[in-house]
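Number of protein chains: 4
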Amino acid sequence: MTGPGKTRIAILGASGYSGAELVRLLARHPKVTLSFLGAASEAGKELKELYPALRGLALPRLAKLEPADLAGQADLVFLALPHTESQKLAPALLAAGLKVVDLSGDFRLRDAAQYAAFYKTEHREPAALAEAVYGLTEIHGPAVAKARLVANPGCYTTCSILPLYPLLKAGWLKIDSVVIDAKSGVTGAGRKLTNANTFAEVDANFSAYKVAGAHQHIPEIEQELSAAAGAPMTVTFTPHLLPLNRGILATCYASPAKPASEAELQACVADFYRDKPFVRVLAGAELPTLRSVVGSNLLEVAVKYDARAKRVIVFSALDNLVKGAAGQAVQNMNLMQGWPETDGLELIAQPV
Amino acid sequence: MTGPGKTRIAILGASGYSGAELVRLLARHPKVTLSFLGAASEAGKELKELYPALRGLALPRLAKLEPADLAGQADLVFLALPHTESQKLAPALLAAGLKVVDLSGDFRLRDAAQYAAFYKTEHREPAALAEAVYGLTEIHGPAVAKARLVANPGCYTTCSILPLYPLLKAGWLKIDSVVIDAKSGVTGAGRKLTNANTFAEVDANFSAYKVAGAHQHIPEIEQELSAAAGAPMTVTFTPHLLPLNRGILATCYASPAKPASEAELQACVADFYRDKPFVRVLAGAELPTLRSVVGSNLLEVAVKYDARAKRVIVFSALDNLVKGAAGQAVQNMNLMQGWPETDGLELIAQPV
Amino acid sequence: MTGPGKTRIAILGASGYSGAELVRLLARHPKVTLSFLGAASEAGKELKELYPALRGLALPRLAKLEPADLAGQADLVFLALPHTESQKLAPALLAAGLKVVDLSGDFRLRDAAQYAAFYKTEHREPAALAEAVYGLTEIHGPAVAKARLVANPGCYTTCSILPLYPLLKAGWLKIDSVVIDAKSGVTGAGRKLTNANTFAEVDANFSAYKVAGAHQHIPEIEQELSAAAGAPMTVTFTPHLLPLNRGILATCYASPAKPASEAELQACVADFYRDKPFVRVLAGAELPTLRSVVGSNLLEVAVKYDARAKRVIVFSALDNLVKGAAGQAVQNMNLMQGWPETDGLELIAQPV
Amino acid sequence: MTGPGKTRIAILGASGYSGAELVRLLARHPKVTLSFLGAASEAGKELKELYPALRGLALPRLAKLEPADLAGQADLVFLALPHTESQKLAPALLAAGLKVVDLSGDFRLRDAAQYAAFYKTEHREPAALAEAVYGLTEIHGPAVAKARLVANPGCYTTCSILPLYPLLKAGWLKIDSVVIDAKSGVTGAGRKLTNANTFAEVDANFSAYKVAGAHQHIPEIEQELSAAAGAPMTVTFTPHLLPLNRGILATCYASPAKPASEAELQACVADFYRDKPFVRVLAGAELPTLRSVVGSNLLEVAVKYDARAKRVIVFSALDNLVKGAAGQAVQNMNLMQGWPETDGLELIAQPV
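Chains as they are written, first to last, in our numbering: chain A, 30 to 381; chain B, 30 to 381; chain C, 30 to 381; chain D, 30 to 381.
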C-alpha cells in the first residue's frame, strides 16, 4: 500500500461509514497510500476498534482533524464530514495546494439559496462553491478531470439522476410528471446514533421518511435533471428505509412526452452509457437488484414502459457506500489524477 | 376452543401461510371450533410439524381435501387454495349448505375476461362468480353480511384500494394519474418452494418484479377504484420484494383534480373510516410503518400533499397475512355470522 | 381495560423494551388497568411516539417517576428500570402498601457480595433484599404467591436454569461439567443507544461478548442451580448476539454423573414440568426454535444424549421480552394476586 | 481474465453457492482463466441468470457435466458437487492428467468405514481415496503442494479444527472434554430447495439441527484432532442455523489438561499460525465476529480461559463460502500450482 511514488491520501471523517469504505477501497488501490485518517470524537483509536473488518490493514491511527498540517502529509483529501464542516475546511486545503473530494452536501448545489432552504443554514464559502465541480462522474467527467474541488454527489441523487438524465435530455418525459420512489439501506444515514437506526427499530420494519418534498437531496436532483431537460423542473421524491445495510433502489415514474416504445426508451439510456464502465443498462426481462450491485461501484438501470397506463418506469440500483459515496469519490479521484477510471474499483458483488 | 354451540370451521389449504394464520386466529376466536384442516401434499401430518409455533394447539390432523364430506363436519369453510382450485370446490360446498370464504383470486373479478387475461386461464364457474361478494369489508360490509360466498381480497389490493377509495370517490384525484409503488414481505408469495423465496436470495436484497402492468392484482384494484371514481381507470402498479416476512407498505401517488390542501385530503380519508375499527388514519407527522401493523388486523393510512410538485401521496400499511388475508377473512366471517366484527381480531402488534 | 374493580398497575420504566412489552401484555389482561406509566428521559411523551405499534391503545402519558405519588394511583408496581434504580425505589413502594415486581438485577442475588462482584456496586437495601422472592415462577411459585416484592429473573437465567434444574436436582449431571452456550436477540440489551446495537453492526453479524465468566447473569444461574444440585457449583456461560430482535436459545452441555439414557433424562425434565402451562418439554426429534416461542410466554426444552461422546445436551428457548421479562413478570403478578397463572398470557406465536 | 499462459480451470457444479463463489474469486485471479462451467440441472443457462451479481463477467455458458471432454479444455478441475458425485468423476479426471480439488465430502475421511457410517453409503473409489490429500492448507500445506487430488475440507470442520489443533498438539486440553458449539449461515446448506432454507423459516429464527453426534462433519473433525492429540478422540459437535447468509462462528470448550493461563494458551495458538496469511489470532479483548471475516479468506481465532470454571474457550470465525469452501480451494490450487498462496485471495471484508 505504501511506497515511493504513491499519492498520499488523507481522509477527514474516517470513522464514519463512508470514511471506512474509502479505507477499504483505497487500501487496495494501486497508486495511493493512506497517510492520514482524521476523526473528531474517535481520535486516538485504531480504526479497527470501530470496524473489526479492517483488522488486517496497517493504517495510521485516527487523529484529530488538523487540516493545517495536511499540506506536508497528503496530496489529496477526502472530506467525509457532516455538511457545514466541509466548507470550513475546504478553502484552506485548496490554498495549501491539496486537491479535495468532498462527500458532504456542502458544494453540490450551484444555488446557495437552495442550500439554505434545504440544509437550514447559510452557505459561508461562495468562492469555493463557485469553483466546485459536481462529481457525478458519468455526466461531468471532463470537468472533474480538471477540478481541484469536487462535490461528490449524494447516494440518493446518483441513483435518481443517472437513470432519468438521458431520457429527459432526449425529450422523452413530461417534465412535470416525475416521481422517484426510493428505498435505501440504513448505512445511508451514517454512523450517528439515533433510535431510528437501532436494530430493534429497523429489522422486520419498513417505512417512508422526510416525505412530500422534505429531503435535502431534492434540490440536487432537480438541479441536474433541469439541466438535462433544459427547463426548470420539480420532482416528487420519497425516501424509504429498508431493513438491510447497503443499497438503494429507485423506482422512477414519468409520463411520456410523446408516443414511446420500451425499445426506444431502453436504447436511449443504453446508448448514453455505452462506454461507461460503472453503469450497467439491463435489457430483456432483467431488473436491477441490490444483490447485483452491493460491494461494487456499479449502477444498474432498467427501462420499462407500462403500455396499459401509458407510463415510463425506470429502475436503478447502487451500493450507497460505493457508487453512492466512497466508490464514486475514488472514481473522481482517478479522473482528477489522470488515472484509469476503474483503478481500485474492479469489485465483484457477492453472488449470495 | 371446542364446545357446544360453537360454529364448526373447515380450512382447505391449511398447510399454506394463510391457512396457518387462519389457525392462529381461529384458535383464539370465542365462537368457533376448528373441525377440519385440509391439505393436499401434507395430508397425514400434524400442522405443528410444518409450523412449530402451533405446537401448543390441539388441532385435527391434516387430511386430504374431501369437500364432499364437509357437509356434516363444518358450517363454514375457508378456502386457502391456489386459484383455479377454489372454483372447483366452491359450488359443491355452497350446494351442501356451507358458507364459503375464498382467499384465492377466483371470485374477485366481476369480469371473467379480466380473470382470463391476468390469470391465463378461463373461469369455469360463472354462476358462483355472479353470486360472490367482494369481501373488502370496509367497503362492502353490508353485502358481505348477507353473502354465502365471499371473495376475500388480495393483500396488495386491500393495501392499495382502501387508502385511495375515499379520495377517488370524493373526486380529489385525476383518475389517469395514479401510481402505486408497493413493497411486500416474502410470505405474500406463499409457501411454494422457489429459488426466489430462499433466504439466500431474499436477505439483504431488494428488487421489483412483475412490473409494467403484469401483476394479477391490477384488475382487482382497478375494478374497485373505478367504482369509487365512477369511471373506468387504469393504474400503474409496481410490486417489490422486501427482506422481511410480513407486511406491505404502499406508497400511492396521484395528481390533484382540483386545488387541494393536505388537511382537506386527510379529513376526507379520516371521515370515511371514522367508525371502522381496523383502519387507523394517521394525522400530523405520523406515517405508517410495518412494525405498527404486523401481527394485527389493522390498516394504517397517512395522507400527504407535496405542494412543491403538486402531488398527493398516500401511504398505507398492513400485515399481508392478517388484514391482507386471514384476518380480513375472519372479519368477513364475523359479518356473515352476525357476530361483532372484531371477534378474535383484537390483536396488538409487538412494540419491538 | 379500565373499569371498576380492576387492579391498578404502574410501570416505572415504561419507555424501555420490557416496559413497552408489559404494556402490550397488560392492555389485554382481564383484571388490570394501567394507571401510571413512568419514564425519566421520555416524560411528557405518549408511549406511541416511541412505539408506533402501541398507537391504538388509550394509555396515560409518560410521566416522571414519582414513586411518592403512586400510593393513591396504583396497587402493584412493575419496576422496569436499570439496576441500582430499583433498589432506591422499592422500599418506599413497599412501605406505601404496594406490591412490587422488579425486573432489574437488584433483588435477584441472595448474596450481596455476589451482587457487588458482578454489578460493580454495593447493594444498599439489605432488608428489601432479604424479603425479596426470586420469581422464577415454575420453581418458586408458592413463595411468589405470598410475596410483596418479587425479583423477576433475567432472560438468560430463565432460559438457562429451567432446563438444567430438574436434571441437577435428580443427580443426573456432574456439577463441575456444565457449559451454557447462549444466543440472544438484541432486545435483551435494552433500548439504550450504543454502537453495538445499531442495525449496521448487528445485521448479518454474530459474535460472543462478556465471555469467560464476565456476564452478570452468572451468579443468578449458579445460585439456583447450586440449590438444585445441593452443592455449590460454577458454570461456564457464554452469551452471543443474534441478528434478530427477540428470543434466546441456550445449548447446555454436561457430563452424566451416572449411566444415562436419553429417555430417562427426557422423562426427568418432562415429569418435573408436567403441570406447568408455560414449559413445553419436547419429545422425539423436535427441537426448540425461536419461532415457536417468540411472542408467547413459553419456554421450550429438549433433552438429548450424545452417546458417542457421553454428554448430555439440553436445548431451551424463550422470548426474552416475554418469558424472559414482561411475561414472567405478569405470571408472577397473577400468582401474587391469586389469579389464574395464565391470565393475559394466552399468546400464540406467529407460524411465520 | 483469459490470455496466453493462463491455467485453464473447469468448475463442475458451478450453479451451486460454492461454484458461484469460485467464479467470483477466479474471475479476478491473475493466473487462471475459466474455461468450463459445468452444471447438471441448469445446463444451457448463463450463470448470471442464477446470480445477477455475476452479470458483469464474461463467462462460458453452463454446460452439462462432461468430464470426458475436459482433458482438452482444462488443466485443473474444481468439483463442487454433492458427495457420491465427486468420487464418480475424480478417477477419470486424474487419469486424463488433470489436477482435481474436490469440495465434497467424498475424499476427506481416511477411513472408508467412517464415510459409510456418516454418509450412509459405501465409498466406491478406495484408490483415489488413498491418494487424496486433506486440504486443510495451514496443516497439510506441504502435502497439498505435491498432490494431484485434494479433498477440500468442510466449512464447519475448517472452523472447528484450526482453533483447537495447536492446543491439542501441545497437550493443553483433556481430549475427552471437547465441545464445539457451531453456528452457521444458511448458505452452508447449499442451494438445494427445502422448506428449511426459505426466508420465511430462517428469518428471525434460530435453532440447532443434526444434534447429538449426527452431523457428517464430525468424523472429519475427529480425524484431524485425533492426529493433533496423538490419540483417538471424540467430540460433541452441535450445529445451529443463523438467520444470515455467510459465516460460521464456533465456540469451542475444553477442560485444561494441566494448569493453564490465558496468556500461555493464546501464545500457543498465535505461535502456531504466525506465518499463515489467512489465520488471524486475536489478542487482548478482541473476539472473532462474522463481519470481520465475511467476504474474505480469513479465519479469526481468540483464546480465552474461564478461571472461575476452569475451562478453555476458543472462538473461531470464517466465511463458509470462502475459507470454508471456495477460498480454501483456491488457496489449495495456488499451492498445487506453485503460486503464491494469497493469489486471488487478497480480499477485505466490508466494514459495515
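Every residue, glycine too, gets a C-beta built ideally from N, C-alpha and C.
Values in this document were obtained by computation on a predicted structure and should not be read as measured data.
*Within the 9 Å Cβ cut-off, does Asp348 of chain C reach chain E?*
The question asks about chain E, but that chain is absent: this structure's protein chains are A, B, C and D.
*asked:* Once DSSP output is grouped into helix, strand and coil, what is the label at Glu370 of chain B?
replied: coil
*Is it true that the CB of Ala233 of chain C sits closer than 9 Å to the CB of Leu273 of chain D?*
yes
_Inside the region 279-309 of chain C only - alpha helix (DSSP H) runs reaching at least 4 residues_ = 291-301
*Applying a beta-carbon distance threshold of less than 8 Å, which residues of chain D neighbour Tyr334 of chain C?*
Ala241
*Can you give, in chain order, each stretch of the beta strand (DSSP E) that sits fully within the region 166-233 of chain D and has at least 3 residues?*
178-180 and 208-213
_Beta-carbon proximity check, Ser44 of chain B vs Leu76 of chain B, cutoff 9 Å_ = yes
*asked:* Going by DSSP, what residue range makes up the alpha helix (DSSP H) through Glu151 of chain C?
replied: Neither: Glu151 of chain C is in no alpha helix (DSSP H) and is coded neither H nor E.
_Closest Cα partner of Thr62 of chain D within the set D:Lys287, D:Arg309, D:Gly34 and D:Gly42_ = D:Gly34
*If we count the other Cβ atoms within 10 Å of its Cβ and call it buried at 16 or more, is Asp348 of chain B buried or exposed?*
buried
*Give a yes or no on whether the minimum CB-CB distance between His169 of chain B and chain A is below 9 Å.*
no
*Is Ser345 of chain B near Pro192 of chain B, with beta carbons less than 9 Å apart?*
yes
_So for Leu83 of chain A, helix, strand or coil by DSSP?_
helix
*Taking contact to mean at least 3 C-beta pairs separated by less than 8 Å, is the region 57-74 of chain A in contact with the region 98-111 of chain A?*
yes
*Can you tell me which of C:Leu327, C:Glu154 and C:Gly367 puts its alpha carbon nearest to the alpha carbon of Gly134 of chain C?*
C:Glu154
*To the nearest angstrom, report how far apart Ala92 of chain A and Leu374 of chain A are at their CA atoms.*
27 Å
*First and last residue of the beta strand (DSSP E) that includes Glu329 of chain B?*
Leu328 to Asp335
*asked:* Once the 5 residues before and after Arg84 of chain C are set aside, which same chain residues still bring their CB inside 7 Å of it?
replied: Lys77
*Flag Glu230 of chain C as yes if its beta-carbon sits less than 9 Å from any beta-carbon of chain D, otherwise no.*
yes
*asked:* In the DSSP assignment, the alpha helix (DSSP H) including Lys117 of chain C goes from what residue to what residue?
replied: Glu114 to Ala124
*Between which two residues does the alpha helix (DSSP H) harbouring Gly19 of chain A extend?*
With chain A represented from 30 up to 381, any question about residue 19 of chain A goes unanswered, as that position is not in the structure.
_Buried/exposed call for Thr223 of chain A, threshold 16 Cβ in 10 Å_ = exposed
*May I ask you to report which of helix, strand or coil DSSP gives Leu76 of chain C?*
helix
*Would you be able to state if there are at least three C-beta pairs under 8 Å between the region 349-364 of chain C and the region 261-279 of chain C?*
yes
_Only counting the same chain, and skipping five residues up and downstream in sequence, which positions put a Cβ closer than 7 Å to that of Met365 of chain A?_
Lys128, Val173, Ala174, Ala176 and Val179
*Evaluate Gly73 of chain A with the Cβ neighbour count: other Cβ atoms within 10 Å of its Cβ, from every protein chain shown; 16 or more gives buried, anything less gives exposed.*
exposed
*Does the Cβ-Cβ distance between Lys212 of chain A and Leu270 of chain A come in under 9 Å?*
yes
_Buried or exposed, going by whether 16 or more other CB atoms sit within 10 Å of the CB of Tyr46 of chain C?_
buried
*Quick one: grab the DSSP three-state call for Met30 of chain A.*
For Met30 of chain A, the pLDDT reaches just 44, beneath the cut-off of 50, and the residue's location in the model is therefore unreliable, leaving the point undetermined.
*Going by Cα to Cα distance, which pick from B:Ala103, B:Leu123 and B:Val208 is closest to Lys339 of chain A?*
B:Val208
_Touch test, the region 323-341 of chain A against the region 141-152 of chain A, Cβ-Cβ under 8 Å, three pairs minimum_ = no
*asked:* According to DSSP, is Gly356 of chain D part of a helix, a strand, or is it coil?
replied: helix
*Express the C-alpha separation of Glu249 of chain C and Val341 of chain B in angstroms, rounding to a whole number.*
57 Å
_By DSSP's criteria, Ile277 of chain B is part of a beta bridge. Which residues make up the other side?_
B:Ser213 and B:Leu347
*Among all the DSSP beta bridges, which residues are the ones paired with Arg90 of chain D?*
Looking at the DSSP assignment, Arg90 of chain D forms no beta bridge with any residue, so it has no partner.
*Does the beta carbon of Val330 of chain C sit closer than 9 Å to a beta carbon anywhere in chain B?*
no
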